[in-house]
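Data block below; observations after.
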Amino acid sequence: MKKARILVTRRWPQVVESVLAERFDAEFNVSDRPMDQAALADALARYDAVLPTVSDRLPAALFEQDALSVRIIGNYGVGYNHIDIAAASARGIAVTNTPGVLTDCTADLAMTLLLQVARRAGEGERELRAGGWTGWRPTHMIGTKVTGKTLGIIGFGRIGKAMARRCHFGFDMDVVFHNRSRVDPAEAARHGARQLYTVEEVLAASDFVSLHCPGGGENVGLIDARRLQAMKPSAFLINTARGDVVDEAALVRALADGRIAGAGLDVYAAEPQVPEALRQMENVVLLPHLGSATAETRTAMGMKVVDNITAFFEGRDPPDRVA
Ligand code: 8YV
Numbered sequence: 014m015k016k017a018r019i020l021v022t023r024r025w026p027q028v029v030e031s032v033l034a035e036r037f038d039a040e041f042n043v044s045d046r047p048m049d050q051a052a053l054a055d056a057l058a059r060y061d062a063v064l065p066t067v068s069d070r071l072p073a074a075l076f077e078q079d080a081l082s083v084r085i086i087g088n089y090g091v092g093y094n095h096i097d098i099a100a101a102s103a104r105g106i107a108v109t110n111t112p113g114v115l116t117d118c119t120a121d122l123a124m125t126l127l128l129q130v131a132r133r134a135g136e137g138e139r140e141l142r143a144g145g146w147t148g149w150r151p152t153h154m155i156g157t158k159v160t161g162k163t164l165g166i167i168g169f170g171r172i173g174k175a176m177a178r179r180c181h182f183g184f185d186m187d188v189v190f191h192n193r194s195r196v197d198p199a200e201a202a203r204h205g206a207r208q209l210y211t212v213e214e215v216l217a218a219s220d221f222v223s224l225h226c227p228g229g230g231e232n233v234g235l236i237d238a239r240r241l242q243a244m245k246p247s248a249f250l251i252n253t254a255r256g257d258v259v260d261e262a263a264l265v266r267a268l269a270d271g272r273i274a275g276a277g278l279d280v281y282a283a284e285p286q287v288p289e290a291l292r293q294m295e296n297v298v299l300l301p302h303l304g305s306a307t308a309e310t311r312t313a314m315g316m317k318v319v320d321n322i323t324a325f326f327e328g329r330d331p332p333d334r335v336a
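As C-alpha cells, then:
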C-alpha cells in the first residue's frame with residue numbers, strides 16, 4: 014500500500030522521527046525554522062498529513078483554498094488554539110492533539126515558576142553571577158513564603174489538577190479553583206482543591222494565581238486590567254497556559270504600578286516576542302515556553318502523534334481527535 018505523505022513542520026526527537034520515516038513517506042522541515050503562511054498553505058495542498066506545532070499558525074484562510082490534499086492535522090502539543098478547528102472541520106479534515114503526556118512536566122514548570130518568583134531565585138542568581146553578592150545578611154533578598162499559602166487555579170483540567178496536587182499535598186497550600194463547568198466536590202478534594210463560583214472570587218482569595226485554561230476564543234484577555242486589580246497586591250501570577258489568556262499590556266501596567274507582586278511566565282501573546290518592559294522587571298521570571306520541554310515528554314508527545322495518524326491512515330478513529 015502507498016505510504017501516506019506527511020510533513021513535519023519542525024525537528025522532533027530523533028527516535029520519533031525514525032518511527033515516522035519508517036511508517037510514512039515523511040518529510041521534515043530540516044531548517045527547523047517556523048514555516049510562514051505561504052509554506053503552510055502549500056503544505057496543506059501537497060501532503061496527506063501535516064504535523065504542526067504551536068509555532069505554526071493555521072487560520073481559517075489556509076483552509077479556504079480550493080485544492081486541499083491534507084486529511085489530518087496531527088498537532089504536536091495539547092493546546093490547539095493556533096489551528097482554526099471549525100475551518101478544518103468544515104473541509105472534513107481531522108485534527109488531533111497530545112493530551113495526558115505533558116501534564117506532569119507542565120505542572121512541574123508552573124511549580125518552578127511559582128517557587129522561583131516567590132523566592133526571588135532568578136534575581137538571586139543574576140546577582141551572584143554578576144559578582145554582586147557581598148555575603149549573607151539577615152535582610153538580603155527577602156522573598157515570600159510559599160508553604161501554607163493559598164493557590165488559585167483558573168482551569169481545572171489535567172494540568173490544573175496536577176498543579177493543585179503539587180501545591181496542596183506537597184506545600185500544604187489551600188487550593189481554590191475556577192472551572193467553566195462544575196466539578197464534583199469529591200473529585201476536587203481528591204486533588205486537594207475546592208471550587209469557587211467566579212474567577213474574581215479565586216483572584217481575591219489567592220496569594221498565587223496559576224492559569225491552566227486553554228487559549229483562544231472566549232479566554233482571550235480573560236485576565237485583564239479589571240481582574241488584575243482583583244488580585245491581592247501581594248499576589249503573584251503564573252502563566253504556563255497561553256499568552257493570550259492575559260492582557261499583556263495590562264499586566265505590564267499592573268506590575269509597574271505594584272498592583273501585583275510579580276509574575277512567572279512561560280508563554281506570551283506574540284511568541285517569541287516578549288515585551289521589553291517585562292524583561293526589565295526583577296520581580297518577573299520569564300521562561301521561553303518550556304512547559305513540555307523534557308526528553309521524556311517530547312518523545313511521548315511525538316509517539317502520541319504517531320499513534321493518532323497511524324490509526325487514521327489505517328481507517329480507525331484517532332484516539333485524540335479534537336475535530
Ligand atoms: C508544547 C504546549 O511544547 O502542548 C502545548 O500546548 O504549550 C507546549 O508545551 C507546544 O505546544 C508544542 O507544539
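Residue numbering for the sequence shown follows the working numbering, starting at 14 and increasing by one per position. Just so you know, even glycine gets a beta-carbon here, dropped at the ideal spot from N, CA and C. These numbers were taken from a predicted model, which means no experiment stands behind them.
Beta carbon of residue i: closer than 6 Å to some heavy atom of ligand 1?
i    : result
S305 : yes
G6   : Residue 6 cannot be examined here, being either before or after the span of the chain that is shown, 14 to 336.
V67  : yes
Y281 : no
Y89  : yes
Excluding sequence positions up to five away, which residues of its chain have a Cβ less than 6 Å from the Cβ of residue i?
i    : result
N192 : F169
L20  : E40, A56, Y60, V63
H181 : V188, G205
L33  : A39
A100 : A73, F76
R70  : H95
K162 : M186, D220
R24  : D45
M154 : R133, G137
K174 : H204
G156 : A131, R132, R133
Compute the beta-carbon to beta-carbon distance between residue i and residue j, rounded to the nearest angstrom, for a pair I have assumed lies under 8 Å.
i    : j    : result
T312 : V28  : 6 Å
A243 : E213 : 5 Å
V114 : I96  : Rounded, the Cβ-Cβ distance is 19 Å, inconsistent with contact.
V233 : D257 : 5 Å
V265 : L291 : 6 Å
V215 : I167 : 7 Å
G228 : R255 : 3 Å
P65  : N88  : 6 Å
L126 : V298 : 5 Å
M176 : A120 : 5 Å
A263 : L235 : Going by Cβ atoms, the distance from A263 to L235 rounds to 11 Å, so no, they are not a contact pair.
Which of the three DSSP states is assigned to residue i in this structure?
i    : result
F37  : coil
L216 : helix
A282 : coil
N252 : strand
R142 : helix
V259 : strand
R272 : coil
F169 : coil
L300 : coil
I322 : helix
T152 : coil
V287 : coil
L20  : strand
T163 : strand
L224 : strand
R334 : strand
G137 : helix
G328 : coil
G277 : strand
Could you name the residues of the same chain whose beta carbon sits closer than 7 Å to that of residue i, not counting the 5 residues immediately before and after it, in chain order?
i    : result
D330 : A324
I172 : T116, T119, A120, H225
N110 : N88, G90, V91, Y93, D333, V335
E284 : G256, H302
F184 : V159, T160
Measuring only between beta-carbons, confirm whether residue i sits less than 7 Å from chain C.
i    : result
T152 : No chain C is present in this structure, which holds just one protein chain.
Short of 8 Å in beta carbon distance, which residues of its chain neighbour residue i, apart from the five on each side in sequence? Order them along the chain.
i    : result
Q208 : F169, V189, F190, H191, N192, R195, V196, P198, A201
I98  : V108, V335, A336
Q78  : A54, L57, A58
V319 : V29, V32, L33, R36
P3   : In this structure the chain extends from 14 to 336, so residue 3 is not present and cannot be described.
A218 : T163, G165, V189, L209
Exercise for review: Could you name each continuous alpha helix (DSSP H) segment of 4 residues or more that falls completely within the segment 98-126, going from the start of the chain to the end?
Suggested key: 98-103
Point to revise | 4-residue-minimum alpha helix (DSSP H) runs that sit fully inside the segment 174-211, ordered along the chain | key: Runs found: 198-203.
Exercise for review: Give, in chain order, every unbroken run of the beta strand (DSSP E) that is at least 3 residues long and sits entirely within the segment 28-99.
Suggested key: The beta strand (DSSP E) runs lying completely inside the segment 28-99 and spanning 3 residues or more are 38-41, 62-64, 85-87, given in chain order.
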